[in-house]
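Engineer:
Residue numbers (the working numbering): 27 to 753.
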């Protein structure tokens with residue numbers, strides 16, 4: 027019990043020095059903070075006041091009773107001290123282990139992140155990565171957020187990069203990853219079983235601790251029951267002895283000696299009966315435990331035999347229920363489904379390719395025939411147009427000559443000639459358009475001929491696009507042909523009408539030219555020679571333009587071939603780079619496979635360690651269960667003892683109620699404080715052994731009367747609390 031320090035009392039007369047202060051020794055108390063001690067007031071003759079219980083007959087019993095109470099309290103303190111020391115040692119060991127475990131986990135996390143960083147290479151900051159969401163993000167849990175916030179960024183970045191790389195993994199790597207996931211699942215299952223065993227062990231330890239607590243309480247009660255003073259008082263209650271105040275202790279002992287002998291034999295018989303009951307209860311509990319253990323042993327033996335039979339010769343059903351078989355079966359079903367789907371799509375694509383190939387050849391032949399027919403028709407029309415143009419030019423020249431000669435008389439013929447001139451201009455424009463169209467068609471034919479050699483390498487989508495483009499061109503050509511046919515029909519109708527007009531005009535001109543044929547014969551010969559020269563010049567110009575077009579086409583084809591060559595070289599370099607990257611990825615995958623094999627070996631070693639640890643935990647659990655069974659047997663014996671003590675307590679209570687109240691008052695006066703006679707004694711003094719109540723001791727300390735009845739000094743450090751049980 028902590029001592030209460032009294033504050034120093036300030037004296038009103040500080041300047042007056044008393045006689046008692048001069049006589050007090052200076053080095054009596056070593057506590058500098060405490061106030062100076064005062065001497066206790068003495069009697070007249072200087073002698074000390076005697077103790078009020080000095081002449082009482084129960085003085086020796088009271089002292090012995092107090093010592094027994096103090097000894098029992100000290101024993102209880104000692105037991106609590108040993109249990110607390112054991113718990114402190116266990117907690118210190120567990121704390122050291124957990125600190126080492128956390129440091130090892132921290133180092134392992136850092137090593138894991140460094141190894142993954144070295145495996146993954148330099149981080150690409152600009153690369154888009156998928157967002158990673160998992161149980162590593164502890165936003166709503168403060169403890170995990172506090173402990174893992176320092177390394178969650180690194181872990182999330184590494185796992186995000188791993189996810190970005192996992193899409194390009196080979197089937198071997200995926201198979202190894204699935205096996206690794208399976209091993210990790212087995213490890214997690216083993217860890218869960220281990221945690222379950224640890225939880226059961228914790229529960230058993232708690233039950234054992236509760237049983238040990240009950241055992242300590244029973245042991246305390248047993249120590250109290252074994253006390254000599256309590257036994258003596260019980261004997262006195264049992265015999266109903268009356269101890270008068272004036273009798274001496276020796277006379278009372280002589281009177282009670284034969285009765286004590288009888289009581290000792292009675293107590294021995296009661297103790298033997300109690301021990302017999304304890305043994306009977308313990309034996310019954312042990313029988314029950316043995317029956318339970320035999321039943322459990324039989325069930326465990328049957329389970330062991332069944333498991334041994336299954337382990338030595340597993341059936342197909344056992345294989346079918348395994349996770350590996352289920353995984354392989356699911357993978358096999360997926361592969362079969364994919365193969366069937368690929369075969370069906372392959373057959374369908376082959377049929378579509380054959381159909382498209384036949385349609386392409388038919389369309390190509392049809393297109394070639396149509397283009398050849400169109401070219402032939404255009405050439406024929408061009409020849410006819412050239413002949414018509416030559417004839418029209420001759421007629422124009424003749425009409426111009428006649429026009430100069432006969433302006434006034436041939437106004438209508440002049441109008442006809444102007445119309446013919448307009449028709450000729452329209453025909454010339456149409457001819458130019460047809461020439462440009464012919465050139466375009468020739469270029470398309472050349473392109474189709476050039477692309478015909480590489481059509482096997484063109485993909486299906488490009489063929490479809492080309493087919494649609496050609497179909498659109500074909501529809502455009504059909505529309506152009508229809509428009510050209512209508513134009514030609516109109517031209518032919520107009521030309522026929524004009525030819526009729528020209529025939530009439532020619533008849534007129536023939537009549538007129540017959541008259542002056544002789545005069546103009548030389549003129550027409552000169553004009554014909556001039557036209558022949560102009561025709562030759564025109565043909566040479568056309569040949570020159572055609573040769574220039576051919577040269578430009580050759581230049582364009584050379585530029586296209588150069589660009590195609592550059593593209594092919596670029597594609598070759600890209601394919602080389604892709605091949606090198608694939609080779610590097612293959613080496614990295616092989617290295618990762620080797621590292622995964624190392625990790626799998628480590629996990630296998632960990633699984634073996636966990637198995638051995640589970641075996642050791644089973645042995646420790648068995649020892650704990652045996653200790654629990656022992657504790658149960660002890661509890662049964664203590665229950666019997668408790669029942670007996672309750673019965674004896676009831677007997678003692680009945681006997682005490684039957685006796686006179688003087689004995690009760692005498693025992694109660696033993697427990698009351700001798701100073702105030704109001705409170706029970708609960709504070710003892712080490713120096714003299716006297717026992718008072720707490721209020722009286724504090725009153726003596728505060729009133730500076732720091733001496734007990736025997737004139738021994740009282741200090742804060744010499745008192746301690748005791749417990750006296752009053753019936």
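Don't be surprised by glycine CBs; every beta carbon is placed ideally from N, CA and C.
1. Just to confirm the assignment, what range does the alpha helix (DSSP H) spanning residue 401 have?
2. What does the alpha-carbon distance come out to for the pair residue 618 and residue 142?
3. Using a threshold of 8 angstroms, state whether the C-beta atoms of residue 764 and residue 425 are closer than that.
4. Measure the Cβ-Cβ separation of residue 709 and residue 717 and say whether it is below 8 angstroms.
5. What is the rounded straight-line gap between the Cα of residue 118 and the Cα of residue 359?
6. Using alpha carbons as the reference points, say which of 113, 633, 224, 198 lies closest to residue 648.
7. Could you pull out every residue in the same chain whose Cβ sits closer than 6 angstroms to the Cβ of residue 419, ignoring the five residues on either side in sequence?
8. Would you call the region 650-663 in contact with the region 232-240, where contact means no fewer than 3 C-beta pairs closer than 8 angstroms?
9. My output table needs one value for residue 271: the three-state DSSP class, helix, strand or coil.
10. If you compare alpha carbons, which of 123, 97, 216 is closest to residue 641?
11. Would residue 249 pass as a contact of residue 98 if the rule is Cβ separation under 8 angstroms?
12. Looking at the secondary structure, which residues open and close the beta strand (DSSP E) in which residue 728 lies?
13. Quick check: the region 662-676 against the region 304-320, are at least 3 beta-carbon pairs closer than 8 angstroms?
14. Among 692, 713, 705, 652, which one has its Cα closest to the Cα of residue 316?
15. Can you tell me which of the three DSSP states residue 484 falls into?
16. Given residue 636, which residues of its chain have a CB within under 8 angstroms of its CB, disregarding the five upstream and five downstream residues?
17. Taking the C-alpha atoms as reference points, what is the distance between residue 707 and residue 102?
18. Can you tell me whether residue 15 is helix, strand or coil according to DSSP?
19. Under a Cβ-count criterion, where at least 16 other Cβ atoms within 10 Å of its own Cβ denotes burial, should residue 52 be classed as buried or exposed?
20. Would you say the region 491-511 touches the region 389-407, given that touching needs at least three Cβ pairs under 8 angstroms?
21. So, using beta-carbon positions, are residue 553 and residue 428 closer together than 8 angstroms?
22. Let me confirm a value: residue 510 is counted as buried when at least 16 other C-beta atoms fall within 10 Å, else exposed. Which label applies?
23. In whole angstroms, give me the CA-to-CA distance for residue 375 and residue 366.
24. If you count every other CB in all the chains shown that lies within 10 Å of the CB of residue 602, and 16 or more means buried, which is it?
25. For residue 209, which residues from the same chain have a beta carbon less than 7 angstroms from its beta carbon, with the 5 sequence-adjacent residues on both sides left out?
26. Tell me the start and end of each unbroken beta strand (DSSP E) in the region 84-128 that is at least 3 residues and wholly inside, in chain order.
27. Which term fits residue 484, buried or exposed, when burial requires 16 or more other beta carbons within 10 angstroms of its beta carbon?
28. Can you tell me whether residue 8 is buried or exposed, with buried defined as 16 or more other CB within 10 angstroms of its CB?
29. Would DSSP call residue 709 helix, strand or coil?
30. Counting only the same chain and skipping the five closest in sequence on each side, list residues whose C-beta sits under 8 angstroms from that of residue 574.
31. Using 8 angstroms as the threshold, is the C-beta distance between residue 411 and residue 453 below it?
32. Let's test the definition: count the other Cβ atoms within 10 Å of the Cβ of residue 330 and tell me whether it reaches 16, buried, or not, exposed.
33. Excluding the five sequence neighbours on either side, which residues of its own chain have a C-beta within less than 7 angstroms of the C-beta of residue 606, listed in chain order?
34. Can you round the beta-carbon distance between residue 671 and residue 247 to whole angstroms, since I take them to be within the 8 angstroms contact cut?
35. Pick out whichever of 378, 522, 493, 468 has its Cα sitting closest to the Cα of residue 449.
36. Take the Cβ of residue 202 as the centre, count every other Cβ of all protein chains shown within 10 Å, and call the residue buried at 16 or more, exposed below.
Structural biologist: Quick answer:
1. As a first step, residue 401 is located in the chain shown; it is residue number 375 there, counting from the start. Per DSSP, residue 401 belongs to the alpha helix (DSSP H) from 349-431.
2. Against the chain shown, residue 618 aligns to sequence position 592. Against the chain shown, residue 142 aligns to sequence position 116. Looking at the two C-alpha atoms, the distance is approximately 10 angstroms.
3. Because the chain spans 27 through 753 in this model, residue 764 falls outside it and cannot be assessed.
4. The residue given as residue 709 occupies position 683 in the chain shown. The residue given as residue 717 occupies position 691 in the chain shown. Closer than 8 angstroms, so yes.
5. As a position in the chain shown, residue 118 is number 92, starting the count at 1. As a position in the chain shown, residue 359 is number 333, starting the count at 1. Rounded to the nearest angstrom, the gap between the Cα atoms of residue 118 and residue 359 is 56 angstroms.
6. The sequence position of residue 648 within the chain shown is 622, counting from 1. Out of 113, 633, 224, 198, the CA that lies nearest to the CA of residue 648 is found in 224.
7. In the chain shown, counting from the first residue as 1, residue 419 sits at position 393. Apart from the 5 residues on each side of it in sequence, residue 419 has no Cβ closer than 6 angstroms to any other Cβ in its chain.
8. Counting C-beta pairs closer than 8 angstroms gives three or more between the region 650-663 and the region 232-240, which meets the contact rule.
9. The residue you call residue 271 lines up with position 245 of the chain shown. Because residue 271 sits at a pLDDT of 40, beneath the cut-off of 50, its placement in the model cannot be relied upon, and the following sentence gives the value as read from the coordinates. Of the three classes helix, strand and coil, the one that applies to residue 271 here is coil, per DSSP.
10. In the chain shown, counting from the first residue as 1, residue 641 sits at position 615. Per the Cα distances, 216.
11. Reading the chain shown from its first residue, position 223 is the one you call residue 249. Reading the chain shown from its first residue, position 72 is the one you call residue 98. By the CB criterion at 8 angstroms, residue 249 and residue 98 fall inside the cutoff.
12. Translated into the one-based positions of the chain shown, residue 728 becomes position 702. Secondary structure note for residue 728: it is in no beta strand (DSSP E), and the uninterrupted alpha helix (DSSP H) holding it is 720-728.
13. With a cut-off of 8 angstroms, the region 662-676 and the region 304-320 count as touching, because enough Cβ pairs lie within range.
14. By 1-based counting over the chain shown, the position of residue 316 is 290. For residue 316, the closest alpha carbon among the candidates 692, 713, 705, 652 is that of 652.
15. Sequence index remark: in the chain shown, residue 484 carries index 458 (1-based). Three-state DSSP puts residue 484 in coil, outside helix and strand.
16. Here residue 636 corresponds to residue number 610 of the chain shown, with the count starting at 1. Taken in chain order, the residues that qualify are 213, 216, 217, 220.
17. Working through the chain shown from its first residue, we reach residue 707 at position 681. Working through the chain shown from its first residue, we reach residue 102 at position 76. Whole-angstrom Cα-Cα distance: 20 angstroms.
18. Because the chain in this structure spans residues 27 to 753, residue 15 falls outside the shown range and cannot be described.
19. Counting from one through the chain shown, the residue named residue 52 turns up at place 26. Low local confidence applies: a pLDDT of 42 at residue 52 is under 50, so the model's placement there is unreliable, and no value is given.
20. A contact exists between the region 491-511 and the region 389-407.
21. Within the chain shown, the letter at position 527 stands for residue 553. Within the chain shown, the letter at position 402 stands for residue 428. No, they are not a contact pair.
22. Translated into the one-based positions of the chain shown, residue 510 becomes position 484. Using a 10 angstroms sphere on the CB of residue 510, the tally of other CB atoms reaches 16 or more, which defines it as buried.
23. Position 349 of the chain shown, counting from 1, holds the residue named residue 375. Position 340 of the chain shown, counting from 1, holds the residue named residue 366. Between residue 375 and residue 366, the alpha-carbon positions lie close to 14 angstroms from each other.
24. If you number the chain shown from 1, residue 602 lands on position 576. It is exposed - the Cβ of residue 602 has fewer than 16 other Cβ atoms within 10 Å.
25. For the purposes of this step, residue 209 is identified with residue 183 of the chain shown, where counting begins at 1. Counting only Cβ-Cβ distances below 7 angstroms, and skipping sequence neighbours, we find 626, 629.
26. Residue ranges of uninterrupted beta strand (DSSP E) with 3 or more members are absent from the region 84-128; none lies entirely inside it.
27. Against the chain shown, residue 484 aligns to sequence position 458. Label assigned to residue 484: exposed.
28. Any question about residue 8 goes unanswered here, given that the chain covers just 27 to 753.
29. One-based indexing of the chain shown puts residue 709 at position 683. Here residue 709 sits in strand by DSSP.
30. For the purposes of this step, residue 574 is taken as residue 548 along the chain shown, with counting starting at 1. So no residue of the chain qualifies.
31. To locate residue 411, count along the chain shown from 1; it is residue 385. To locate residue 453, count along the chain shown from 1; it is residue 427. Yes, they are a contact pair.
32. Taking the first residue of the chain shown as position 1, residue 330 is located at position 304. So residue 330 ends up on the exposed side.
33. Counted from its first residue, the chain shown places residue 606 at position 580. So no residue of the chain qualifies.
34. Locating residue 671 in the chain shown gives position 645, where the first residue counts as 1. Locating residue 247 in the chain shown gives position 221, where the first residue counts as 1. Confirmed, Cβ separation roughly 7 angstroms.
35. Here the question's residue 449 lines up with position 423 in the chain shown. Check the Cα spacing between residue 449 and each of 378, 522, 493, 468: the tightest is with 522.
36. Along the chain shown, one-based indexing puts residue 202 at 176. With 16 or more Cβ atoms within 10 Å of its Cβ, residue 202 is classed as buried.
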